[in-house]
Every structure is written in C-alpha cells, then in structure tokens.
Amino acid sequence: MMIQYHALKAQAADCLLFYRMGDFFELFFEDARIAAASLDIALTSRGDGVPMCGVPAHSAEGYLARLIKAGHRVAIADQTESPAEAKKRGGSKALVARAIIRVVTAGTLTEDALLDARAANWLVALAEIGGRTGLAAADISTGRFELAAVPAGSLDAELARLGAAETIVAEGFAHGPADAIALDPRSFDSAAGEAKLKALFGVATLDGFGGFDRAELAAAAGLIAYLDRAGQGQLPFLQPPVRRHPADHMLIDAATRESLELTAAQGGGRKGSLLDAVDRTVTGAGARMLAADIGAPLAERVLIDARLDLVTRFVDDGGLRDSIRASLKAAPDIGRALGRLVAARGSPRDLGLLRDGLNEAHALHERLLALGDRPMLLDQLLPQLRGHGALIDLLSRALVPQPPIDTAQGGYIAEGYDPALDDLRGQGGEGRRAIAALEARYREATGIASLKIRHNGVLGFHVEVQAKHADPLMRPDSGFTHRQTLAGVVRFNAPDLHEQALRVGQAGAHALAAEAAHLEELIAAALGRKAEIAATADALARIDVSAAAAERAVEGGWCRPAFADDACFTIEAGRHPVVEAAVANSGDRFVANDCKLEPTRRLWLVTGPNMGGKSTFLRQNALIAVLAQAGSYVPAASARLGLVDRLFSRVGASDNLARGRSTFMVEMVETAAILAQATERSLVILDEVGRGTSTYDGLAIAWAVVEAVHDINRCRCLFATHYHELTRLSERLDALSLHHVRAREWKGDLVLLHEVADGPADRSYGIAVGKLAGLPPAVLARASSVLAKLESGRAATGGIAAGLDDLPLFAAAIATPEPVVDPLRAAIDAVIPDALSPREALETLYRLKAVAEG
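The numbering of the sequence shown is this note's numbering, which starts it at 743 and goes up by one.
Here it is as structure tokens:
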C-alpha cells in the first residue's frame, strides 16, 4: 500500500494527497502534519511511526474547503475498482487499484459547498510574447471564458477587475501576482494553444471568436494545460472564448477599487461595499453578474443605454417587476449545475436543477413575450430562454421530483419511465415481501418469537436470534448454518433465505445498473445542449440584474443617468449609497450635494474641515460614474455625464510594509500612476495629496499636482485639500473652481453641515475638530495660541511658516486667557442625578433656575 501511495504522491508532489482507504481519505507523512494543523484534527501514526490523519469521505468537501481557503492544493487519489473486483483480479490479498482522479485548487472548484454562490471564481493565466501580455480567464463553475491582449500598464487593472482565485504564469514571468503558480514554459506554447482551442470547440479557424494574437493563444494554452492536469484529462465546461478589449470598459486600477470599496470593503468581505449596498438580486447568477458589471463598467454608450432601457421598463411597471423577481427566485442556478455535469462531477440532483430552471425560463419567456413595448435588450434575451422543450419533457418524465445527490442507492429514475426498470424494482419488492414471509415462517417453525431477518453490507440477509435462543438453531438438522456470534446475538443463514436474497440482490443490482445507464443518457442529452443552456443561464442572470437595479432605484428614489458627448459631469443632489444607508440606519438624514464638472470648470478644489464630508463627496461622485456606466440608476435627483474611460481614486493611504513602502510612498506611487495615465476623458478624485510629509514639501507637491492635472492631463477632477494656499491657483488656472464643505462654530462647538458650497473655506477648523475628538483643554488652548501666532506672522510676511522662530517651547508658552466660565453650565455639570432624592432634585431645580435668572 505504501509503495502505491508513494507512486501517487510523486505524481502530485506539490499537493496534499487525499488517499482513499475505505470510508476515509487518509494523509501521510508531511501532508498529514500540514493537514492536521490546518484542519485542527488529530495527528496520529501508523504502527511503524508514519504520521497520518484522515477525514471521512462522505464529508470531505467541508475539509477540502478549509484546505483550499488556507492556500493548499489537494490531489484526490480514489479507488478505481471495488474490493470484490480487486479480489477477482488478484486474489484475496490483492491491493485495490487507486489513481489520482482530480487535483482540487482554488481556481478549479465546481462544488456548491466549496464556492460562494454570489461570487465568480476566476482562474487566470498570463503569458508574454514579443512584449505583449496575453490574459486567459475562466470560471469553470459556469464556463465563462475570456481572452485579452493587455496593453502596457493595464495588467494590474485587469487582474483587479477579475479578482482571480488563482493565477498561473510561466516560470520567469516577471509581472504576475506574488502568489502566482509557475508552470513549465512549454505549457504556454501559442501554436499548441491555437490547436487546443480549435479541437475543443470543433472549428477550423478561430477568426469567428475574435482573431486572437500569439500572446492570447499562449495564455489559453497554459490555462487549458492546467485545467487538463487538474481534471486528470477531463476538461471542465468552457464556453467559446470571448475576446475582451480593455477599451470596452472603464479601466479601474487595484488602488482605486480598494479605495472606493466597489465589490469588497477594505476590512474584507462584501459588507460595507458598493456591491453590498446596491445588490437586490434574487439569484446567485444575478449576483455574480452584478459584481462583474460593477467591476467592469461599460465604455460604450449604446450598450449602457440598452441596459438602462430594460431597467426603466421594470421601474415603470412594479407589478411586472415583482412577478419576475418571484419567478427568478424559484429558478435554480443552472449555470453551475451544468458546470458540474460537464466536469463529470454532476449528480441526478443537477439534472433536476436543469429541469426546474429551464422550466422556469420557459414560463418566463411566455410571460415576457406577451409584453408590449419591449426594450431592445429584452428582445435579444427572449430567444435564449426558449428551445428546451424536448429536454424539459425528457427530464420531467425520467426523474423523480427531488433527485438525490448520491447515486449509490438509486431511486432517482421515476416510476413509469422504463417498464423494465419498474419490473426489476417489482422483483426486488416481491423478494422483500417473500423474505418477510420467511421470517414469519421461521418464527413459527422454531418457536422463537424474537427471531428476525436482518441485512448488512457484510453478511447480506441473515437470521438473528438472541444468544439464549441459539442452541436449537445450532443443531446439524436445524436447517440453519451458523455465521456469526456477537455479544447477546447469534446470526445464521438458511438455504431458502440465501436463494431469496440472491433474487433480491440480483434484481437490485440490475435496477441500479439500469438507472446508471439512464443517468448517462440523460447527462448526454443535457450536454448536447450545453451551449444553449449556458445562454439561458446568462439571460436569466441579466434579467435578474435589471429587475434588481429597478428595485434598488425605486427603493432609494434614484434617477436614470443621461449621457453626453462632451466631458461633462453634472450631478444634482447626489448621494453616497453606502453612507446614506448607514446614516438612515442611525435615524439621520444624508445631505445631498451637487457637482458640476464641465470644460470650463473641470477641476474642483474642495476645502473645509476634517469630518466635514469632503471624502464622502469625492467618493460618491466616483461611485455614481461606476453605477451609471454599469447600466444602473444612480443615487441623485438627476445625472448627466460624458463617458469616463479611466477612473482614479487616491483617497486615504496606509503603509505597505511588505513592499517596503511607507504611507507617503504609497500616496506618491498612486499619484504618479494617475498623472501618467489619466486622459481628458478620465475622472480623478484626489484627497489630501502631500499630507504625508513636511508642510513645505507637501504644499509644493500638491501645488504641482494641481497644475499637472489642469494643464497636462486636463481631466475631470475633484481635489480635496487643507492647503488653503492652493486656492490662489484659481487666479491662473482657467478651469479651476473653488468649493468648500460648510461648517459653523456655535457657542464654542463645531457644527458640520456636510454641504458643498461655492468658494474657498475660511479656515480648516482643525482645533474645533480636535475638541470634538476629546483633546485635553490645555492642548487645545496651546494650539489656539500657536495658530494665532502663525496666522499673524503669515499675514505680515505672506509666508506659510512665518513666525515659527518666535514661538516659545510648549512649557514656556505665553499665558493664555482664562476660558470664560458659564455659571449655569458649571452648576449643571456639578449635579449628579443618580445621587439625588426627589426632594433634593426639586431643590436643585430651584437653585438652577436662580442661577439662570441671576
């Protein structure tokens, strides 16, 4: 056995090996140590000291999920013959044959238990030929397959869009993620990739798919080679490749996605992200498509308007929207069911899911076909919902209403579908009735009322009596043959029971074989329409996304965006969808704000206090652009914008110690990327550029960045800053417009109004914010005196740091005026309500009234 184990382990040296032994998957040696630590299970050892651990085969998926999440890859070595077949082949001591049937990795999952139903699971391959980078991406759980030639500087944005579960590259590839899996460069042969694609899709030329270049074909070759190895020769479901052009969608780099929290919050997970705030889909497929839409907003106006037309149809007809969403909610995830069937990991239940899902699609087609005034996109989707009548009929007749996952016990083929199968089942039933009659006859003949005929997997059918009644059956002339003695019971066989058991066993075995044959036929019938089924799954997902967008729009009072040819960006009463939801939960009202970027006012310089809402204002406009070009309504009273080709956000920063970058270095790298890539059609939001270094350096950098954005990039930009000196640039920069978030001090307290108004802020209110944060009074007083000194020096000399030399040390600070004490406030502060009796409370109230009057 260990010789066999080592031979299999050598085939998957980079994986943990799940070695099937009876009802368990066992791991040995270092694999066992790693798995035991990751799974928190007991590490034991064989008699020879070899470390080992194991997991039950029937619940292996849960353990696989934990290992994959921990970053491991697992090879499954299963038994390829039964013990009986091994015994027949090589005698009683023959070793059961085993083989690696699959390699489980993060990018090759298809099982529901291992996947997030509402998230895609991309496997990405990268290749470089002649200075061009090819990208191949597949989600094998649904068959989506994309190829792209990625321009220089856009690879990070494409990888961020996909958020791949696993990335593979050729050894020596220098631009992939740090955790990418390196393969032999020979796996990335472009000629082999072309041949594999032609063979896979049965075509003589790939021109019909988009005419791929050598880099794309090399990436496809690496992807297919990896999938072939993972499936041990059984390729998963791949739809014909779609050639994706980066210019087809808004480019959003990784830093911007993280900053704007498009599909995941910075703390991890969907909660708090834009996707979480807008997602009202009722199907897993719809949720995955919505995430893809938000991750890659369209850059073609015709396609955006087509999506918006369908959303508008559902907005205008609430009854239709509700009924469609109710139907979709009942539809299973046929895309992933199909993926499992193609990968030979399917079950009767998956066929049942196809039957039910296609039936819902057919009913939905009939309902939508009857609509008048159908949008163009709906007319394009309707043909994809029909055409499955014969398959639906076949699966409806062949399968029971709730087919099982496990085929071992049969019972998934419906009665009446196959008369011969029904006859075999009848024979089995008659045999069981005959065995029940035998039990009654044995009881009468032996006089043992407690005698029972039982069945198990080792002995089959047998007679069982209590030990105290066993002696009569032990006699040679009893007609019974002793089989087994256990504590308290003794088991026997009998010739007529053996004969009847053979009939039952043969009928059952033949029935299982007949069901298995029918299962193969049904799967073949389904796979014969795999392309059409995949198209139906996509159509259902698009309808779900559109109806969900309409639901969100009606729920939030959102508007349909309009698009213009010029580079404008005009938002009336815009809101931040995530912040607005959080504010509503606390019972407050979100303050909406306008934004109008146009050629003569395309750069807004926004000043004002911290916590005043500058960052929220910047982000909400970026999110409105994303939603609009994704084909969604937006949180605003009205919105008119020119298409955005690239979106950049530099809002906040943190250390990246793993790459040796400080906060300021991260800020500068991100800013440099924006200045290098932003075009006149881009939208840029910049917050507090230069704050991570000294005042002079920071102001100088911020000053230069504003000039570069205005004079060189000439893009639409919202620039928030505390450097009020930058407002002087409005005297020279024609397209610079000054704005501020409003705040007021009232009786010594800062009131943040969260309103964006024209003109610069009068000051930053930093000390007032410090007071809100709880800085000690002495520190606040000292800060006020320092600020007064600095401002008087600046007024006299015009220098930002004038007067610094005249400032004494903190300990030798000039005397500050005593703060004015409000006697009523002081009296109230001295009251401890919990310590007052009713009479004392009344007296205190009179005393406070006297203080107020005098």
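Every residue, glycine too, gets a C-beta built ideally from N, C-alpha and C.
Does the distance from the CB of V1053 to the CB of D1286 come in under 8 Å? For this step, residue 1053 is matched to residue 311 along the sequence shown. For this step, residue 1286 is matched to residue 544 along the sequence shown. Result no, Cβ atoms of V1053 and D1286 do not sit closer than 8 Å.
To the nearest angstrom, report how far apart G1329 and P1319 are at their CA atoms. Here the question's residue 1329 lines up with position 587 in the sequence shown. Here the question's residue 1319 lines up with position 577 in the sequence shown. Approximately 15 Å between the Cα atoms of the pair.
Got a sec? Which residues, its chain only, sit under 8 Å from D756 by beta carbon, not counting five neighbours each side? As a first step, residue 756 must be located in the sequence shown, where it is residue number 14. Result list for D756: R815, in chain order.
So, helix, strand or coil for N863, using DSSP? Position 121 of the sequence shown, counted from the start, is the residue given in the question as residue 863. It is coil, neither helix nor strand.
If you draw a straight line from the alpha carbon of S1374 to that of C1457, how long is it in whole angstroms? Within the sequence shown, numbered from 1, the residue matching residue 1374 stands at position 632. Within the sequence shown, numbered from 1, the residue matching residue 1457 stands at position 715. When rounded, the distance between both Cα atoms is 24 Å.
I'd like the span of the beta strand (DSSP E) that includes Y805, first residue to last. Reading the sequence shown from its first residue, position 63 is the one you call residue 805. In this chain, Y805 is not harboured by any beta strand (DSSP E); it is covered by the alpha helix (DSSP H) spanning A802 to K811.
What's the gap between the Cα of L851 and the Cα of Y761? Within the sequence shown, numbered from 1, the residue matching residue 851 stands at position 109. Within the sequence shown, numbered from 1, the residue matching residue 761 stands at position 19. Taking the straight line from one Cα to the other gives about 19 Å.
What distance in whole Å lies between the Cβ atoms of D931 and E913, which are believed to be in contact at a cut-off of 8 Å? Numbered from 1 along the sequence shown, position 171 holds the residue referred to as residue 913. Numbered from 1 along the sequence shown, position 189 holds the residue referred to as residue 931. Not quite, the Cβ-Cβ distance comes to about 14 Å (not below 8 Å), so this is no contact.
Just the Cα atoms here: how many angstroms apart are E1422 and A1309? As a position in the sequence shown, residue 1422 is number 680, starting the count at 1. As a position in the sequence shown, residue 1309 is number 567, starting the count at 1. Cα to Cα, E1422 sits roughly 8 Å from A1309.
In the DSSP output, what is G876 paired with across the bridge? Looking up residue 876 in the sequence shown gives position 134. Under DSSP, G876 forms a beta bridge with A869 and A891.
Applying the 10 Å Cβ sphere with the 16-neighbour rule, what's the burial state of A937? For the purposes of this step, residue 937 is taken as residue 195 along the sequence shown, with counting starting at 1. Counting Cβ neighbours within 10 Å, A937 comes out exposed, since fewer than 16 surround it.
Can you list, in chain order, the residues of its chain whose CB lies under 8 Å from that of L750, leaving out five sequence neighbours each side? Residue 750 sits at position 8 when you count from the first residue of the sequence shown. If we look at L750 and ignore the five residues flanking it on each side, its Cβ neighbours are L759, Y761, A817, A819, R840, A841 and I842.
Of the choices A802, L1119, G1077 and F1234, whose alpha-carbon is the least far from that of L1193? Within the sequence shown, the letter at position 451 stands for residue 1193. Nearest of A802, L1119, G1077 and F1234 to L1193, Cα basis: F1234.
For V1448, report the span of its beta strand (DSSP E) as first-last. Taking the sequence shown and counting its residues from 1, one reaches residue 1448 at position 706. Careful: V1448 lies outside any beta strand (DSSP E), inside the alpha helix (DSSP H) at T1437 to A1450.
Answer with buried or exposed for Q1226, where buried requires no fewer than 16 other C-beta atoms within 10 angstroms of its C-beta. Here residue 1226 corresponds to residue number 484 of the sequence shown, with the count starting at 1. Classification of Q1226: exposed, given that the 10 Å Cβ count is below 16.
Figure out for me which residue from L1587, E908, Q974 and E1003 has the closest Cα to the Cα of A922. Counted from its first residue, the sequence shown places residue 922 at position 180. Comparing Cα-Cα distances from A922 to each of L1587, E908, Q974 and E1003, the minimum goes to E908.
I1570 versus L1590: straight-line alpha-carbon distance, rounded: Locating residue 1570 in the sequence shown gives position 828, counting from the first residue. Locating residue 1590 in the sequence shown gives position 848, counting from the first residue. Distance between the alpha carbons of I1570 and L1590 is about 7 Å.
With S1065 as the anchor, note down where its alpha helix (DSSP H) starts and where it stops. Locating residue 1065 in the sequence shown gives position 323, where the first residue counts as 1. If you look at S1065, you'll find it in the alpha helix (DSSP H) that goes G1060 to K1071.
Under the three-state DSSP convention, the category V1044 falls into: Residue numbering aside, residue 1044 sits at position 302 when the sequence shown is read from its first letter. Reduced to three states, the DSSP call for V1044 is helix.
Out of V1393, V945, A861 and G1131, point me to the one whose CA is closest to R999's CA. Working through the sequence shown from its first residue, we reach residue 999 at position 257. When each option's Cα is compared against that of R999, the closest is V1393.
Taking three-plus beta-carbon pairs below 8 Å as touching, is the stretch 880-890 in contact with the stretch 977-984? yes
If you follow the alpha helix (DSSP H) that R1423 is part of, which residue opens it and which one closes it? By one-based count along the sequence shown, residue 1423 stands at place 681. Per DSSP, R1423 belongs to no alpha helix (DSSP H) and is neither H nor E.
With H, G and I counted as helix, E and B as strand and the rest as coil, what does DSSP make of A902? Start at 1 with the first residue of the sequence shown, and residue 902 comes out as number 160. Reduced to three states, the DSSP call for A902 is helix.
Can P1039 and V1426 be called in contact, C-beta distance under 8 Å? Here residue 1039 refers to the residue found at position 297 of the sequence shown. Here residue 1426 refers to the residue found at position 684 of the sequence shown. Taking 8 Å as the Cβ cut-off, P1039 and V1426 do not qualify as a contacting pair.
Where G1081 falls, given that 16 or more other Cβ within 10 Å makes a residue buried: In the sequence shown, the residue the question calls residue 1081 occupies position 339. Result: buried.
Given D1168 as reference, the closest of H1252, G1221 and A1364 once Cα atoms are compared: On the sequence shown, residue 1168 is found 426 positions in, with the first residue counted as 1. Sequence inspection shows Gly at residue 1168; the Asp mentioned does not correspond to that position. Among H1252, G1221 and A1364, the Cα nearest to that of G1168 is on H1252.
Element boundaries [beta strand (DSSP E), containing S1380]: Taking the first residue of the sequence shown as 1, we reach residue 1380 at position 638. For S1380, the enclosing beta strand (DSSP E) has its first and last residue at S1380 to G1384.
What separation, rounded to the nearest whole angstrom, lies between the Cα atoms of Q1126 and F954? Here the question's residue 1126 lines up with position 384 in the sequence shown. Here the question's residue 954 lines up with position 212 in the sequence shown. Cα to Cα, Q1126 sits roughly 27 Å from F954.
Minimum C-alpha distance to L1004 - residue among L1389, T1349 and T947: Here the question's residue 1004 lines up with position 262 in the sequence shown. Closest in alpha carbon position to L1004, among L1389, T1349 and T947, is L1389.
Can you tell which of I1046, R1030, I882 and A941 has the C-alpha that lies nearest to the C-alpha of A972? Along the sequence shown, one-based indexing puts residue 972 at 230. Answer by Cα proximity: I882.
By Cβ distance, which residues of its chain are closer than 6 Å to R956, with the 5 residues on each side in sequence left out? By one-based count along the sequence shown, residue 956 stands at place 214. If we look at R956 and ignore the five residues flanking it on each side, its Cβ neighbours are I871 and S932.
Which value, in whole angstroms, describes the spacing of the CA atoms of A1243 and E1172? Position 501 of the sequence shown, counted from the start, is the residue given in the question as residue 1243. Position 430 of the sequence shown, counted from the start, is the residue given in the question as residue 1172. Cα-Cα distance, rounded: 11 Å.
For a quick check, are the C-beta atoms of D1075 and A1027 less than 8 Å apart? Locating residue 1075 in the sequence shown gives position 333, where the first residue counts as 1. Locating residue 1027 in the sequence shown gives position 285, where the first residue counts as 1. Their beta carbons are under 8 Å apart, which means D1075 touches A1027 by this criterion.
My output table needs one value for H1224: the three-state DSSP class, helix, strand or coil. Taking the sequence shown and counting its residues from 1, the one referred to as residue 1224 is at position 482. The answer is strand: DSSP assigns H1224 an E or B state.
Roughly how many whole angstroms lie between the Cα atoms of A1442 and F1406? The residue you call residue 1442 lines up with position 700 of the sequence shown. The residue you call residue 1406 lines up with position 664 of the sequence shown. CA-CA distance, A1442 to F1406, rounds to 14 Å.
Might you give, ordered along the chain, the residues of its own chain that have their beta carbon closer than 8 Å to the beta carbon of R985, omitting 5 neighbours on each side? The residue labelled residue 985 in the question sits at position 243 within the sequence shown. Closer than 8 Å at the Cβ level, and outside the excluded window around R985, lie E888, L889, A890, F951, G952, G953, F954 and E958.
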